[in-house]
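**Student:** After the structure tokens below, expect a handful of questions from me.
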Amino acid sequence: MAAEHRVFVPRDTTARSMGADGVAAAIAAEADRREESVTLVRNGSRGLYWLEPMIEVEAGGVRHAYGPVQTSDVPALFNADFLAAGRHALGLGPTEEIPWLARQSRLTFARVGVTDPLSLDEYRAHGGYQGLARVVELSRDEIVSIVTESGLRGRGGAAFPTGVKWRTVLNAEGTQKYVACNADEGDSGTFADRMVMESDPFVLIEGMTIAGLAVGATQGYVYLRAEYPLAIRIMNEAIGIAETAGLLGGNVMGSGQAFNLEVREAAGAYICGEETSMLESLEGKRGVIRFRPPLPAVKGLFGAPTIVNNVITLASVPIILAEGADYYRDYGTGRSRGTLTVQLAGNVKRGGLVEIGFGRTLRELLEDFGGGTATGRPIRAVQAGGPLGAYIHPSQFDTPLDYEAFEGIGGMIGHGGLVVFDDTVDMGEQARFAMEFCAIESCGKCTPCRIGAVRGVEVIGRILSGDDESGNLLLLRDLCDTMIAGSLCALGGMAPFPVISVLDHYPEDLRAR
Amino acid sequence: MSGAKNANGGADAREALVLRIARRHVARPGGLLPALHAIQDELGYVPAEAVPSVAEVFNISRAEVHGVISFYHLFRTTPPGRRTLYLCRSEACQAMGARALERHAAERLGIGFHETTPDGRISLEPIFCLGNCACSPAVMIDDFVYGRVTPQRLDALLEED
């Protein structure tokens, strides 16, 4: 009997979408046939998505990667003795030394792709639950102060200081308080939340538990997109495991404090990523946005003080508590502290997840990490920050990735998604889509968004068909101004941003055909 | 999001099922969405005749129940085909040919979005982002996501049963 070999085949959505399940089955069958002793670990993905399915073997205590592996490659990999890190055309060397990965600062994503997502033992062996262990010794005020000092800002898009929000909830009157995690990651080009939930679910559970203990909330909800069925399954399983281990429930880690957690499945409405709309949906209603004030921190879910944070924000909390505020804030630049999770998507050669300190330029991300387009053609535009984000022109690629610098060019970092387009893109169609998307997804509460988006689609259609081009271009600008100034929330208030960026930087595409 | 487990059965059995599900969820805070999901998981859709039963159990008006169902894109009020094809229409997929894939699917299936083929095999639905944006274009069939889907690959996937 040969020695036991550990082989890692990711189980995350993207790896599976590229055939990981078939590869896993083929490895098991081939190992059986050759009487090799192989333990298959279905880990999360490292986020080097252009290499998926990327498998790894542990040889001499070091993990070596191969990818992208197809089922048909499996016999050849065995022939090349990949179980002992043998040479093969798909070999990528020691995983941690792959430059794309080695140049990152993986703090929030430290375990993502490394561990079996549902192994609590592995989570603990890799630093998990050290943050919570520290928290149970601290006062609420001390916990909130550490989060404040770390400089952490909301990673969902609005970049609001997390500690300030927590302080408001802590100080708010109320016998019942809640923690609501916004896992309605609807922005095209983003998948960081999904990765955390599928590949390291305990870090989100730990982060939410810390949030609960920090403000005295006993119930948490993860509002999770229905479009992520695998994330829903894995989160539910992980919550069950944490409950059994006494890490959730009536007596969290022996602290005498209660914190319960539940996944609530969304139902495909983009607007429910807006926090007040999400709260309405959690209450079982139409996801129509609420007026603010009152802020959710004061009067949120079921009228009670509520922390509403994005997945990445909450998943960043455990390491801040484990390692200290200084450790985290030493990454980053200016008022953008810590790390940013960039997601390279669309027409990009090397797409995936890049976690780095703030301050790198867009060009570094697109060229050094992204390697240009997948099609090999020049990049013509990059949409940053989801469907409400501006299209960024190559002349702006030297902008550093920090919240304020991006605002300075009329863009936003948002949730960190970068969607790359090559020079075949029709920017007039992209502008029309921005308005169409807003029309489909508007909650209908305010007129500028509900009616404006429909009129936007029509006006752009008239421009493209040559009906009073100059008059309609003026009208489009005017409509954009009205939506920005008059909409109640970011959907109607920002949907014009991609349109304006096309008007400003790609006027040749927004004219009669 | 998967198809019907229990689409057959008479109207009485269906009503009993709807009532049972609604009662199971009514005490949960904000239980209406989970109840509607559970109904759709069992039947494949939320039939119009479920609305009065759900309204009664939750002690809210039929209009409110209808309002919630109609607000969310992923609740459906007609029976789905045996398989549901969700085509991602978002920007990251557009950048890699989703618009052409959309045209191909509509042509091949002979139906548009929110429609089901006459033989009841496939329903076609738009979806806005599956989080598979680094391997676009993406589609989901029932609850399995596929990446880098060319028209040829889509044809092959639709051939499988």
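Sequence lines, in order, name chains D and V.
Residue numbers for the first sequence, in my numbering: 1 to 513.
Residue numbers for the second sequence, in my numbering: 1001 to 1161.
Glycine included, C-beta positions come from ideal geometry on N, C-alpha and C.
Quick check on the DSSP output: the beta strand (DSSP E) that includes D/V69 runs from which residue to which?
**Tutor:** Per DSSP, D/V69 belongs to no beta strand (DSSP E) and is neither H nor E.
**Student:** Can you find a C-beta in chain D that's less than 8 Å from the C-beta of V/E1091?
**Tutor:** V/E1091 counts as touching chain D.
**Student:** Kindly list, in the order they appear in chain V, the residues whose Cβ is closer than 9 Å to that of D/G346.
**Tutor:** Ordered by position in chain V, the residues that pass the 9 Å Cβ test against D/G346 are E1091, A1092, C1093, Q1094, A1095, M1096, C1133, A1134 and S1136.
**Student:** So which residues of chain D does V/L1074 contact, with C-beta pairs closer than 7 Å?
**Tutor:** Within 7 Å Cβ-Cβ: A226, A267 and G268.
**Student:** Could you tell me which residues DSSP pairs with D/F421 in its beta bridges?
**Tutor:** Its beta-bridge partners are D/A381.
**Student:** Less than 8 Å between the beta carbons of D/H64 and D/G19, yes or no?
**Tutor:** Not a contact, by the Cβ cut-off of 8 Å.
**Student:** Run through the DSSP bridge pairs and tell me what V/F1144 is partnered with.
**Tutor:** Answer by DSSP bridge pairing, in chain order: V/I1141.
**Student:** Who are the Cβ neighbours of D/S465 in its own chain at under 8 Å, not counting the five residues just before and after it?
**Tutor:** Cβ neighbours of D/S465 beyond the five flanking positions: A512 and R513.
**Student:** By the DSSP assignment, the beta strand (DSSP E) with D/N310 in it spans what residues?
**Tutor:** Per DSSP, D/N310 belongs to the beta strand (DSSP E) from T306 to N310.
**Student:** Tell me the rounded alpha-carbon separation between D/L401 and V/G1120.
**Tutor:** Their Cα atoms are separated by approximately 49 Å.
**Student:** Do D/M197 and D/L314 count as a contact pair if the criterion is CB distance below 8 Å?
**Tutor:** No, they are not a contact pair.
**Student:** How about D/M435 and D/V502: are their beta carbons less than 8 Å apart?
**Tutor:** Going by C-beta atoms, D/M435 is not nearer than 8 Å to D/V502.
**Student:** Taking C-beta pairs closer than 8 Å, name the residues in chain D that V/Y1146 reaches, listed in chain order.
**Tutor:** Near V/Y1146 (Cβ distances below 8 Å), the residues of chain D are S17.
**Student:** Keeping to the same chain, check which residues put their C-beta closer than 8 Å to that of D/G254; ignore five residues upstream and five downstream.
**Tutor:** Correct list, in chain order: V136 and G246.
**Student:** List the residues of chain V whose Cβ lies closer than 7 Å to the Cβ of D/T13, in chain order.
**Tutor:** By Cβ distance, chain V contributes G1131, N1132 and V1145.
**Student:** Output yes if chain V places a C-beta closer than 8 Å to the C-beta of D/G466; else output no.
**Tutor:** No, D/G466 lies away from the interface with chain V (no Cβ there is under 8 Å from its Cβ).
**Student:** Out of D/C480, D/G163 and D/Y228, which one is the CA nearest neighbour of D/V308?
**Tutor:** Per the Cα distances, D/G163.
**Student:** Counting Cβ pairs closer than 8 Å, one from the region 104-119 of chain D and one from the region 189-206 of chain D, do we hit at least three?
**Tutor:** Verdict: yes, contact present.
**Student:** To be precise: take each residue of the region 402-420 of chain D, compare its Cβ to all Cβ atoms of chain V, and keep it if any distance is under 9 Å. Which residues remain?
**Tutor:** Those would be G417, V419 and V420, in chain order.
**Student:** Between the Cα of D/R134 and those of D/I146, D/G346 and D/G154, spot the shortest distance and give me the residue it belongs to.
**Tutor:** For D/R134, the nearest C-alpha among the options comes from D/I146.
**Student:** Starting from D/L282, find everything on chain V with Cβ-Cβ shorter than 9 Å and list it in chain order.
**Tutor:** Near D/L282 (Cβ distances below 9 Å), the residues of chain V are P1029, G1030 and L1033.
**Student:** Mind the definition here: the region 10-25 of chain D touches the region 35-45 of chain D only if three or more C-beta pairs lie below 8 Å; say whether that holds.
**Tutor:** Verdict: yes, contact present.
**Student:** What do you get for D/A89, buried or exposed, if any count of 16 or more other CB atoms within 10 angstroms of its CB means buried?
**Tutor:** Burial call: exposed.
**Student:** So, does the CB of V/I1127 fall closer than 8 Å to a CB anywhere in chain D?
**Tutor:** It does: the Cβ of V/I1127 has a partner Cβ on chain D nearer than 8 Å.
**Student:** For D/E52, which option in V/E1125, V/G1112, V/Y1146 and V/A1098 has the closest C-alpha, if you only look at C-alpha atoms?
**Tutor:** Of the candidates V/E1125, V/G1112, V/Y1146 and V/A1098, the one whose C-alpha sits nearest the C-alpha of D/E52 is V/Y1146.
**Student:** Is the shortest distance between the beta-carbon of D/G189 and the beta-carbons of chain V less than 8 Å?
**Tutor:** True, the Cβ-Cβ gap to chain V drops below 8 Å.
**Student:** Note down, in chain order, all residues in the region 1045-1077 of chain V with a beta-carbon under 7 Å from any beta-carbon belonging to chain D.
**Tutor:** Cβ contacts with chain D come from G1067, V1068, F1071, Y1072, H1073, L1074 and F1075.
**Student:** According to a CB-to-CB cut-off of less than 7 Å, which residues of the region 282-309 of chain D neighbour chain V?
**Tutor:** Per Cβ criterion, the list reads L282, E283, G284, K285, R286, G287 and F302.
**Student:** Against chain D, does V/H1114 count as a neighbour if the rule is that its beta carbon must be under 8 Å from one of theirs?
**Tutor:** So, not an interface residue.
**Student:** Considering only their Cβ atoms, is the gap separating D/D193 from D/V311 smaller than 8 Å?
**Tutor:** In this structure, D/D193 lies closer than 8 Å to D/V311 by Cβ.
**Student:** Take D/G212 and list the residues in its own chain whose beta-carbon comes closer than 7 Å to its own, dropping the five residues that flank it on each side.
**Tutor:** Counting only Cβ-Cβ distances below 7 Å, and skipping sequence neighbours, we find V179, T218, G220 and F259.
**Student:** Just the chain V side, please: which residues come within less than 9 Å of D/G352 by C-beta, in chain order?
**Tutor:** Per Cβ cutoff of 9 Å: A1134.
**Student:** Starting from V/P1079, trace the alpha helix (DSSP H) both ways and give me its first and last residue.
**Tutor:** Careful: V/P1079 lies outside any alpha helix (DSSP H) and carries neither H nor E.
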